[in-house]
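In the numbering used here, the protein residues as written are 9 to 90. Using N, Cα and C, we set each Cβ at its ideal position, and we do this for glycine too. Keep in mind the model is a prediction, meaning the values are calculated, not measured. What follows is one structure encoded as structure tokens, with my remarks underneath.
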């Protein structure tokens, strides 16, 4: 028998506990001042190369729906104290 399990890298729970999907976050970089000839800054190149190597070697972090929702909420949080 083959049984597929995806364990959340944040909470350690089986992702099936919170749904039928697991989630991966990709953070790619874009230059603030892009060139017209396809060149990118070293900072952009480094970030994007790291993301691509993570995918190529299968080292992505997997998240359950509950953790994905919490991370998204944190990322989208607006500071209203200003």
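Checklist entry - Buried or exposed: where does residue 50 fall if 16 or more other Cβ atoms within 10 Å of its Cβ makes it buried? => result Mapped onto the chain shown, residue 50 falls at position 42. Taking a 10 Å sphere around the C-beta of residue 50, we find fewer than 16 other C-beta atoms and assign the residue as exposed.
Item to check | Buried versus exposed call for residue 71 [16 or more other C-beta atoms within 10 Å across all chains shown] | outcome: Mapped onto the chain shown, residue 71 falls at position 63. The residue is buried, with at least 16 neighbouring Cβ atoms inside 10 Å.
Item to check | Nearest-angstrom Cα separation, counted from residue 25 out to residue 56 | outcome: As a first step, residue 56 is located in the chain shown; it is residue number 48 there, counting from the start. As a first step, residue 25 is located in the chain shown; it is residue number 17 there, counting from the start. Cα to Cα, residue 56 sits roughly 32 Å from residue 25.
Checklist entry - Name the DSSP bridge partner or partners of residue 22? => result Translated into positions along the chain shown, residue 22 becomes position 14. Per DSSP, 15.
Next on the checklist: Is the separation between the beta-carbon of residue 69 and that of residue 18 shorter than 9 Å?
Outcome noted: Numbered from 1 along the chain shown, position 61 holds the residue referred to as residue 69. Numbered from 1 along the chain shown, position 10 holds the residue referred to as residue 18. The beta carbons of residue 69 and residue 18 sit closer together than 9 Å.
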